[in-house]
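**Student:** For the working numbering, add 1 to where a residue sits in the sequence shown, where the first one is 1. Sharing a structure, written as structure tokens. Questions coming.
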Amino acid sequence: DDVTVSGSAVIIHQTTDAAESISIQGNSAFQWGDYAYWVTGTEDVILTNNLAEDCGQRTNNTFASFLVGTGVSGVVSGNISRATASNKPSYGFDIASTSVDLRVTPDNLSIGHVTGAFNGAYIGKLVESSIPSGSAVSLTTATHTNVTSITITPGTWQVWGNVIFNAAATTTIAELAGCINTVSATFATPPNGGANVDLNIPFTTGQDNTIPVGFRSYTVTVDTNVYLIVSATFGVSTMSAFGYIGAIKII
């Protein structure tokens, strides 16, 4: 059956898959030594506008105040997790569900936790990888090469990146290209949702070149690697590449 709990100064503890849908709204939990709000294995969850203060405390600092477990769909929004005691949980919110039908909105607030606000994916989450010049990847002429990669979780993500080609002083350059793809060291077919660039223009010998590779969206149902990939056609001497790839979860 359905379960609704609202407007109470109580602890909602270990609510599991006994219900077909669960609505937990406007509740408060204080100084509870475990998860204050724990929902798992349930569809159509509404977990909104709840407060947890100094809950989820554990000496190993690994627990959270709010746990959204596996198999959960629905919405988590407008909740507050606040930690003021010395023995604080790592996160305010631990999002274990990978359901594409779960919406965890950016208005959930986490204050004073050891590691951060969230563990897991949520709308507005940023995943990124930046490779500095000192860690540039050596290139072989006309060969597709990974510069770096990130992993995105189930949902819809917007992904973007750029690449810097670093040429030796005497290196001649004929072509520079880059893209974002979910297949390692493989160029996607243009236009690749907007994340593709291929330049055949007169280049200055030995000159570095910074090139945006574009911006595109991915909707995935499992954890997926996304790669920043480059290719350069060059001669005489050497070339390397470094750059950045970022993604933000929008659904």
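C-beta atoms are modelled at their ideal positions from N, C-alpha and C, and glycine is treated no differently. As the structure is a prediction and not an experimental result, all values here were calculated from the model.
Reducing DSSP to helix, strand and coil, say where residue 193 ends up.
**Tutor:** helix
**Student:** Would you mind giving the Cβ-Cβ distance between residue 79 and residue 55, rounded to the nearest angstrom? I have them listed as a contact below 8 Å.
**Tutor:** Not a contact, Cβ separation roughly 20 Å.
**Student:** Less than 7 Å between C-beta atoms, sequence neighbours within five positions excluded: which residues of the same chain meet that for residue 241?
**Tutor:** Setting aside the 5 residues that flank it on each side, residue 241 is surrounded in the same chain by 137, 138, 139, 140 and 167, each with a C-beta closer than 7 Å to its C-beta; the list follows chain order.
**Student:** Give the straight-line distance between the Cα atoms of residue 60 and residue 71, rounded to the nearest whole angstrom.
**Tutor:** Confidence at residue 60 is low in this model, with a pLDDT of 48, below 50, so the placement of that residue should be treated as unreliable; the coordinate-derived value is given next. Taking the straight line from one Cα to the other gives about 25 Å.
**Student:** According to DSSP, is residue 91 part of a helix, a strand, or is it coil?
**Tutor:** coil
**Student:** Beta-carbon within less than 8 Å of residue 145's beta-carbon, same chain only, minus the 5 sequence neighbours each way: which residues are those?
**Tutor:** The residues are 186, 187, 188, 230, 231 and 232.
**Student:** Just list the residues that DSSP pairs residue 159 with in beta bridges.
**Tutor:** 218 and 249
**Student:** Rounded to whole angstroms, what's the CA-CA distance from residue 82 to residue 110? Just pull it up for me.
**Tutor:** 6 Å
**Student:** Among all the DSSP beta bridges, which residues are the ones paired with residue 234?
**Tutor:** 176
**Student:** In its own chain, which residues sit with a C-beta less than 7 Å from the C-beta of residue 217, not counting the 5 before and 5 after it?
**Tutor:** 160, 181, 193, 194, 195 and 196
**Student:** Could you check whether residue 247 and residue 162 sit closer than 8 Å to each other, using their CB atoms as the reference points?
**Tutor:** yes
**Student:** For residue 57 and residue 244, I'd like the C-alpha separation in whole angstroms.
**Tutor:** 39 Å
**Student:** Let's test the definition: count the other Cβ atoms within 10 Å of the Cβ of residue 184 and tell me whether it reaches 16, buried, or not, exposed.
**Tutor:** Exposed: under 16 other Cβ atoms inside 10 Å.
**Student:** Taking 7 Å as the line, does the beta carbon of residue 130 fall inside it for any heavy atom of the ligand GDP?
**Tutor:** Here there are no bound small molecules, and the ligand GDP is not part of this structure.
**Student:** When you compare only the Cα positions, how much space is there between residue 252 and residue 106?
**Tutor:** 9 Å
**Student:** Would residue 178 and residue 209 be called neighbours here (beta carbons separated by less than 8 Å)?
**Tutor:** no
**Student:** Which value, in whole angstroms, describes the spacing of the CA atoms of residue 171 and residue 204?
**Tutor:** 12 Å
**Student:** Go through its chain and collect everything with a Cβ distance to residue 129's Cβ below 6 Å, but skip five positions before and after it.
**Tutor:** 247
**Student:** Rounded to a whole number of angstroms, what is the C-alpha to C-alpha distance between residue 153 and residue 220?
**Tutor:** Distance between the alpha carbons of residue 153 and residue 220: 10 Å.
**Student:** Among residues of its own chain, excluding the 5 on either side of residue 74, which ones have a beta-carbon nearer than 6 Å to its beta-carbon?
**Tutor:** 44, 100, 102 and 103
**Student:** Quick one: what's got a C-beta closer than 7 Å to residue 237's C-beta in the same chain, skipping five residues either side?
**Tutor:** 171, 172 and 173
**Student:** Give the C-beta separation of residue 114 and residue 98 to the nearest angstrom, bearing in mind that I take them to be a contact with Cβ-Cβ under 8 Å.
**Tutor:** About 20 Å separates the two Cβ atoms, so there is no contact after all.
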